[in-house]
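Asks:
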Amino acid sequence: MQASPEFLTFARWYIQDIDRIAPTLEEMYDFGLRRFQGEERVRLRQFIDRALREASDATLEQLWNKTEADIYFPTAQDLRAFLTGARDRL
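According to this note's numbering, the sequence shown is numbered sequentially starting from 1.
Structure below.
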């Protein structure tokens, strides 16, 4: 699975020490998603939804690891939960 441009942009905002900028999970979502408007927001939601439905745990982890994100998820389930929360906020 190839990451969409919107997904790559989304992940880029999850930088090291994000907890200092956005201390709660809700604030982290807001921080990463506030840049998306209109059709871009729709495309990001569609991509995340498709990735959650179609990608295996290993594929999902590979997808995230190919982004410029600095945050790490200990398990694929943690990553799925994070992406599910982001998708639901879109």
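Note that the Cβ used here is the ideal one computed from N, Cα and C, for glycine as well.
Please return the same chain residues whose Cβ sits closer than 7 angstroms to the Cβ of Met28, not counting the five positions on each side in sequence.
Replies: The answer, listed in chain order, is Ile18 and Ala22.
Asks: So, helix, strand or coil for Arg34, using DSSP?
Replies: Correct three-state label for Arg34: coil.
Asks: Measure the beta-carbon distance from Ala55 to Met1 and round it to whole angstroms, keeping in mind my assumption that it falls under 8 angstroms.
Replies: Sure, about 5 angstroms apart at Cβ, within 8 angstroms.
Asks: Under the rule that 16 or more other beta-carbon atoms within 10 Å means buried, what is Leu83, buried or exposed?
Replies: It is buried - the Cβ of Leu83 has at least 16 other Cβ atoms within 10 Å.
Asks: Quick check: the region 64-77 against the region 3-10, are at least 3 beta-carbon pairs closer than 8 angstroms?
Replies: The answer is yes - the region 64-77 touches the region 3-10, with three or more Cβ pairs under 8 angstroms.
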